[in-house]
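Enquirer:
In our numbering, the protein residues as written are 18 to 173.
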């Protein structure tokens, strides 16, 4: 058995690059920044930001084209994909991307509270494969508050 699933909450780094292919399919690519906060041995709060390459296809790419801009806060579900290409010098290069299956708009950085029950959610997964909807009483977790009270080092 194996599993390839990614769940991210972060902010879009720059306006998405959208392409309409000859086949009629649409693809949208953008970067998503996720930031982890932790306290070091001296009790100082540190930040570590990761930049993720996100790729959306078809109807999800159409949604990205219409609504997503630099600074948009998103929840993304998808799969990790690594592809290779040959650069101009003949060297093989690798790029790791997240192929998005689901996307939920949470707001823009600095906006009102994120993840309201009315926040639109979009998916490329057919309805018969989707998990049942979560109950409306599902609590919203403030990811910025997670691990704030721990004074220990990182676990690795």
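Using N, Cα and C, we set each Cβ at its ideal position, and we do this for glycine too.
Considering only the alpha carbon of each residue, which of 31, 20, 64 and 91 lies closest to residue 120?
Expert: The residue you call residue 120 lines up with position 103 of the chain shown. The shortest Cα separation from residue 120 among 31, 20, 64 and 91 belongs to 91.
Enquirer: What is the DSSP secondary structure of residue 45, reduced to helix, strand or coil?
Expert: For the purposes of this step, residue 45 is taken as residue 28 along the chain shown, with counting starting at 1. Note: residue 45 maps to strand in three-state DSSP.
Enquirer: What does the Cβ neighbour count give for residue 118, buried or exposed, with the cut at 16 atoms within 10 Å?
Expert: Start at 1 with the first residue of the chain shown, and residue 118 comes out as number 101. Buried, since its Cβ has 16 or more Cβ neighbours within 10 Å.
Enquirer: At what residue ranges does the stretch 46-103 contain a whole run of the beta strand (DSSP E), taking only runs of 3 or more?
Expert: List check, beta strand (DSSP E) in window: 62-74 and 89-103.
Enquirer: Between residue 66 and residue 45, which are expected to be in contact by the criterion C-beta below 8 Å, what is the C-beta distance as a whole number of angstroms?
Expert: As a working note, residue 66 is residue 49 in the chain shown. As a working note, residue 45 is residue 28 in the chain shown. At roughly 22 Å, the Cβ-Cβ gap does not stay under 8 Å, so residue 66 and residue 45 are not in contact.
Enquirer: Is it buried or exposed for residue 78, if we count other Cβ within 10 angstroms and need 16 for buried?
Expert: Numbered from its first residue, the chain shown carries residue 78 at position 61. By the neighbour-count rule (16 or more Cβ atoms within 10 Å), residue 78 is buried.
Enquirer: Alpha carbon to alpha carbon, what distance is there between residue 58 and residue 3?
Expert: The chain is shown only over 18 to 173; residue 3 falls outside these bounds and no answer can be derived.
Enquirer: Taking DSSP as the reference, what is the three-state secondary structure of residue 118?
Expert: On the chain shown, residue 118 is found 101 positions in, with the first residue counted as 1. Three-state DSSP puts residue 118 in a strand.
Enquirer: For residue 195 and residue 70, what's the separation of their Cα atoms in angstroms?
Expert: Because the chain here runs from 18 to 173, residue 195 falls outside it and cannot be looked at.
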